[in-house]
Amino acid sequence: MGEYLHTIDSKGRLIIPAKFREALGEKFITTKGLDNCLFLYPLDEWQNFEEKLKKLPISQPNARAFVRFFFSGAAECEFDKQGRILLPANLREYAALDKDVMVVGVMSRIEIWNAERWKKYSAEAESNYEKAAESLVDLGI
658 MGEYLHTIDS
668 KGRLIIPAKF
678 REALGEKFIT
688 TKGLDNCLFL
698 YPLDEWQNFE
708 EKLKKLPISQ
718 PNARAFVRFF
728 FSGAAECEFD
738 KQGRILLPAN
748 LREYAALDKD
758 VMVVGVMSRI
768 EIWNAERWKK
778 YSAEAESNYE
788 KAAESLVDLG
798 I
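Take a look at the structure:
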């Protein structure tokens with residue numbers, strides 16, 4: 658949980674907050690996320706997610722596209738001695754990460770956002786928060 662403002666250095670390295678490093682483990686998966694951010698998964702969560710995706714019917718174009726989207730950009734990452742990760746160039750480009758970023762804890766994953774996109778997204782989400790909560794009541798939440 659939580660959100661932290663950090664900066665990517667000129668080599669594409671990003672410091673991940675200590676509590677998130679602990680949750681991710683030594684090696685983890687970074688991939689293209691939804692809403693033009695990156696998703697970081699601990700290996701066990703990635704494997705759970707992968708098992709769910711294996712059950713999707715490959716005969717459906719949407720299922721194939723969804724699986725391709727997540728796996729084509731996925732990369733195994735690990736921390737250096739300073740607690741930084743090197744974000745692959747293709748993933749930085751996808752999420753428009755060039756300097757200021759938000760590192761956000763979301764249940765079983767970490768999200769990395771362009772700081773300006775996060776600010777806009779948060780403002781929109783806040784204005785729709787009550788409507789979203791009402792619609793989730795139908796799901797038993």
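Numbered according to the working numbering, the sequence shown spans residues 658 to 798. From the three backbone atoms N, C-alpha and C, an ideal C-beta is built for every residue, glycine too.
Considering Cα atoms alone, identify which of the options is closest to residue i.
i      : options                           : result
Val761 : Glu683, Glu679 and Cys694         : Cys694
Phe736 : Val758, Arg774, Asp701 and Ala675 : Ala675
Phe685 : Arg774, Pro745, Cys734 and Lys738 : Cys734
Leu697 : Arg670, Asp757, Ala680 and Asn719 : Ala680
Met764 : Ser784, Phe677 and Thr687         : Phe677
His663 : Ser784, Trp775, Glu783 and Glu781 : Trp775
Lys709 : Val724, Glu773, Leu748 and Lys777 : Val724
Ala746 : Tyr661, Thr687 and Glu660         : Thr687
Is the beta carbon of residue i sitting closer than 9 Å to the one on residue j?
i      : j      : result
Ala752 : Lys689 : yes
Gly740 : Ile672 : yes
Glu702 : Arg766 : yes
Among residues of its own chain, excluding the 5 on either side of residue i, which ones have a beta-carbon nearer than 7 Å to its beta-carbon?
i      : result
Leu754 : Ile665, Leu744, Ile769 and Asn771
Ile715 : Arg721
In angstroms, rounded to a whole number, what distance separates the CA positions of residue i and residue j?
i      : j      : result
Leu691 : Asn705 : 18 Å
Trp722 : Ser779 : According to the sequence shown, residue 722 is Ala rather than Trp. Computed Cα separation, rounded: 27 Å.
Ala732 : Phe726 : 13 Å
Gly682 : Val758 : 21 Å
Gln717 : Lys756 : 38 Å
Tell me which same chain residues have a C-beta within less than 6 Å of the C-beta of residue i, skipping the five on either side of it?
i      : result
Arg670 : Arg741 and Leu743
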